[in-house]
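Asker: Provided herewith is a single structure, encoded as structure tokens, for subsequent inquiry.
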Amino acid sequence: MEIDSSSMIKPETLSTRSSSPSEKIHLRPMTLSDVDDFMVWATDSNVTRFCTWEPYTSREAAIAYLNDVVLPHPWLRAICLDNDRPIGSISVTPVDKIRGEIGYVLGSKYWGKGIATEAVRLVAAEIFKENPEMERLEALVDVDNVGSQKVLEKVGFVREGVMRKFMYLKGNVRDMVMFSFLPSDSLH
Amino acid sequence: MDAHDFLRWAGDDRVTGNLRWPAFTSEEEALTFIRDVCLPHPWRRSICIDDRSIGFISIFPETGDNRFKAHIGYGLSHEYWGKGITTRAVSVAVSQVFNDLPHVLRLQAFVQTQNKASQRVVEKIGFQKECLLRKYTYLKGQIYDVFVYSLLSSDLLPLP
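Chains as they are written, first to last, in the UniProt record's numbering: chain F, 1 to 188; chain P, 1 to 160.
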């Protein structure tokens, strides 16, 4: 991927290359000063519907989450529009030596514009170069979360199957769809 | 007491090659393993002929919020392969386990794609093949594709 030297983007920033989605996005590390933007999506029950966590209700809890989880995370990025303010986040969490699990969350105001798809595409294009030991990038999606399944399919993840009664979510045991993307797979 | 019989199959790489166990080479290693891993295990049984251990079946539930799902693993002494023994033993184990561990809703088996004999065991018992997971398991220096099979406690309910 070419670095756009005219705007001095740091190596850890990944940017949209193609003309879709309708708005240009880039990925960058999150900081504590992102807390108020974080609250916009983290307090929204539409956003947290398929998350294991409940919507945040206090700024203190959000700051604790940023300190305890986000800042020490091995690979987590804010999804940002041109103004460099986060509208969501995307992360790859190591499961073991060869597997990473991708997860993403986006403010509901920005749904339906291809933004999550572009963020996942950027990550899938770069993550294996940054983590050469990783052989498999996987995602587990609730059977009812059709929007998120479409994101992964559009990027080129392979739908491997449905695992019945696989994940505990807010008092229920859910069927989950497993997707994967390998270094040898092609991005759509 | 089982250490000598245990070693006959647990020391055989044909049996333990697909498992996360090392192949044991001494009775002392075997005894240590039995003491430290098998005895405290939540659900582990020897497959026996004439009360001598010729293999094992092990059910290990996950922890915390995930304790509703459990992995099943099994191994059988090589001289007894090909007689349907594992299928019978696992079939018995499965019905006992849902009784003994009532919080377990899902039994899952992750079987390497080249291990056809093991796939036949779970298929004959009625596990459902759910997925082919590519490059999923890192074991003893190699990376493997696996099939995921599951049997739910609700799969065993009698039809109305």
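All C-beta atoms in this analysis are idealised placements derived from N, C-alpha and C, irrespective of residue type, glycine included. Source: prediction; values computed, not measured.
Closer than 8 angstroms by C-beta to proline 42 of chain P: which residues in its own chain qualify, once you throw out the five before and the five after it? Chain order, please.
Answerer: Ile59, Phe60, Pro61 and Leu101
Asker: At a cut of 8 angstroms, does the region 112–125 of chain F reach the region 148–168 of chain F through at least three beta carbon pairs?
Answerer: yes
Asker: Tell me the rounded alpha-carbon separation between phenylalanine 24 of chain P and alanine 42 of chain F.
Answerer: 51 angstroms
Asker: Under a Cβ-count criterion, where at least 16 other Cβ atoms within 10 Å of its own Cβ denotes burial, should histidine 26 of chain F be classed as buried or exposed?
Answerer: Classification of histidine 26 of chain F: buried, given that the 10 Å Cβ count is 16 or more.
Asker: Could you check how far apart the C-beta atoms of valine 155 of chain F and methionine 176 of chain F are, in whole angstroms? I think they sit under 8 angstroms.
Answerer: Wrong, their Cβ atoms sit about 18 angstroms apart, outside the cutoff.
Asker: Taking 8 angstroms as the threshold (beta carbon to beta carbon), is lysine 150 of chain F in contact with chain P?
Answerer: no
Asker: Considering Cα atoms alone, identify which of P/Val90, P/Asp65, P/Val97 and P/Cys131 is closest to phenylalanine 110 of chain P.
Answerer: It is P/Cys131.
Asker: For valine 122 of chain P versus leucine 133 of chain P, is the C-beta distance shorter than 8 angstroms?
Answerer: The beta carbons of valine 122 of chain P and leucine 133 of chain P sit no closer together than 8 angstroms.
Asker: Using a beta-carbon distance below 8 angstroms, is isoleucine 127 of chain F in contact with chain P?
Answerer: Isoleucine 127 of chain F does not count as touching chain P.
Asker: Closer than 6 angstroms by C-beta to serine 108 of chain F: which residues in its own chain qualify, once you throw out the five before and the five after it? Chain order, please.
Answerer: Asp44, Asn46 and Val47
Asker: Which residues of the region 97–123 of chain P have a Cβ closer than 7 angstroms to any Cβ of chain F? Give them in chain order.
Answerer: From the region 97–123 of chain P, only Leu105 and Arg106 have a Cβ closer than 7 angstroms to chain F.
Asker: Under 8 angstroms between C-beta atoms, does phenylalanine 166 of chain F make it to chain P?
Answerer: Phenylalanine 166 of chain F counts as touching chain P.
Asker: Who does alanine 139 of chain F pair with in a DSSP beta bridge?
Answerer: Bridge partners of alanine 139 of chain F: F/Phe179.
Asker: For leucine 32 of chain F and glutamine 108 of chain P, what's the separation of their Cα atoms in angstroms?
Answerer: Distance between the alpha carbons of leucine 32 of chain F and glutamine 108 of chain P is about 41 angstroms.
Asker: To the nearest angstrom, how far is the alpha carbon of proline 74 of chain F from that of proline 132 of chain F?
Answerer: 14 angstroms
Asker: What is the DSSP secondary structure of phenylalanine 38 of chain F, reduced to helix, strand or coil?
Answerer: helix
Asker: Considering Cα atoms alone, identify which of P/His103, P/Arg45 and P/Gln119 is closest to glycine 84 of chain P.
Answerer: P/Gln119
Asker: When the Cα atoms are used, what is the spatial distance from leucine 106 of chain F to aspartate 36 of chain F?
Answerer: 14 angstroms
Asker: Check whether the Cβ atoms of arginine 28 of chain F and arginine 99 of chain F sit closer than 8 angstroms, and answer yes or no.
Answerer: Their beta carbons are not under 8 angstroms apart, which means arginine 28 of chain F does not touch arginine 99 of chain F by this criterion.
Asker: Return the chain-ordered list of same chain residues with a C-beta closer than 7 angstroms to the C-beta of phenylalanine 68 of chain P, the five sequence neighbours on each side being excluded.
Answerer: His103, Val104, Leu105 and Arg106
Asker: Between F/Thr52, F/Ser91 and F/Asp96, which lies nearest to arginine 139 of chain P when the distance is taken from Cα to Cα?
Answerer: Reading off the sequence, residue 139 of chain P comes out as leucine, not arginine. Closest option to leucine 139 of chain P, Cα to Cα, is F/Asp96.
Asker: I'd like to know whether the C-beta of tyrosine 144 of chain P is nearer than 8 angstroms to at least one C-beta of chain F.
Answerer: No, tyrosine 144 of chain P does not count as interfacial toward chain F.
Asker: Please return the same chain residues whose Cβ sits closer than 6 angstroms to the Cβ of methionine 167 of chain F, not counting the five positions on each side in sequence.
Answerer: Arg174 and Met176
Asker: Assuming the contact rule is C-beta atoms closer than 8 angstroms, isoleucine 47 of chain P and leucine 19 of chain P should be a hit. Round their C-beta distance to whole Å, please.
Answerer: With a Cβ gap of about 14 angstroms, isoleucine 47 of chain P and leucine 19 of chain P do not count as contacting.
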